[in-house]
Amino acid sequence: MKNVKKITGVFVLIFLLIGGLISAQDRAISSNQLPRAAKTFLAGHFKGVPVSSAIEDREIYGVDEYKVYLNNGMKIEFDSNGNWKEVDGNHQKIPYGFIPASIKNYSSRNFPNTYIVKIEKKRWSYKAELSNGLELEFDRNGNFKKIDD
């Protein structure tokens, strides 16, 4: 009897997980449907670069993130409120206007013949990828932590 309850519990858990995965979905949206903060970010840092597509990543509890693909090949990810999470220049130099000054200064001072091609903002840190392939890690205040090549 105990084993039957355990097996039943496992099956219920599996079905709940599968149901959650099935209900989570991406859907194409127009750039006008992005949160205001995302639209402001795009207008301020990628002015004149058309959006080729925008994706809304939905989870069971609502929108998880937005992915925006630009005509120049760059991709920007935003959280559910429209705050940038990642900017991927696809090996091109990304605009520096939104990058913390300490990160810009460290990379240009220590790697003068390179430029930032990707930056990711996490809860407690930043990760910047340089054109030479090096990945620099910084704390949330922009202080250099380590090189992750």
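With the first letter of the sequence shown counted as 1, position 20 gets the number 20 in full-length UniProt numbering; the numbers rise by one all the way through. Each residue gets a CB set at the ideal place from its N, CA and C atoms; glycine is no exception.
Check	Outcome
Taking C-alpha atoms, which residue in Y96, D139 and F46 lies nearest to L130?	Y96
Comparing C-alpha positions only, which one of F46, V49, S53 and H45 sits nearest to Q33?	S53
Quick test of the definition: if touching needs 3 or more C-beta pairs under 8 angstroms, does the region 38-47 touch the region 79-92?	yes
Taking the straight line between their C-alpha atoms, what separation do you get for D57 and G73?	20 angstroms
According to DSSP, is Y61 helix, strand or coil?	coil
Taking only three categories from DSSP, how would you classify K67?	strand
How many angstroms separate the CA atom of K67 from the CA atom of G133?	23 angstroms
Taking the C-alpha atoms as reference points, what is the distance between E59 and K122?	20 angstroms
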